[in-house]
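**Student:**
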Amino acid sequence: MPFPLDERKALLDVKGVGPTVIARLEQMGFESLAHLSRASALDIVARASAMLGAACWKNSPQARAAIQGAITLAQSRHPR
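Taking the numbering used here, the leading residue of the sequence shown gets 3, the next gets one more, and so forth.
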C-alpha cells in the first residue's frame, strides 16, 4: 500500500527524496510515516542495495542522508 498523499508530499520536501526513493520504501513495505519512524537508515539502504543487486544505495552518503531525512521527518510526526 502506498504512503497517504499528504505524507508523500511531505516526503518529497525532504532533500534527496524523490518519487524513486518513495517507491523503494513502498517496495520494502513502508506505507506510513508512523512505520518509517521506527526504521534505521542503515537497514533501509542495505535492504535497498540487496533488493536492487547494486551497492550504490549502501555506499552513497547522499542516499543515506535522504533516508535519514525521511526518518527524521517521520519521527518528528510520530515521536517514540
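Glycine is no exception: its CB is placed at the ideal position from the N, C-alpha and C atoms.
None of the values given here were measured: they were computed from a predicted structure.
1. With DSSP collapsed to three states, give me the class of Asp15.
2. Closer than 8 Å is the cut-off here; do at least three beta carbon pairs connect the segment 4–22 with the segment 42–62?
3. What residue does the alpha helix (DSSP H) around Ser78 start on, and which one ends it?
4. Given a threshold of 16 other Cβ atoms within 10 Å of its Cβ, counted over all protein chains shown, does Arg82 qualify as buried or as exposed?
5. Could you spell out where the alpha helix (DSSP H) holding Met21 opens and where it closes?
**Tutor:** If we stick to the structure as given:
1. coil
2. no
3. 63–79
4. exposed
5. The amino acid occupying residue 21 in the given sequence is Pro; Met does not appear at that position. Element bounds for Pro21: 21–29.
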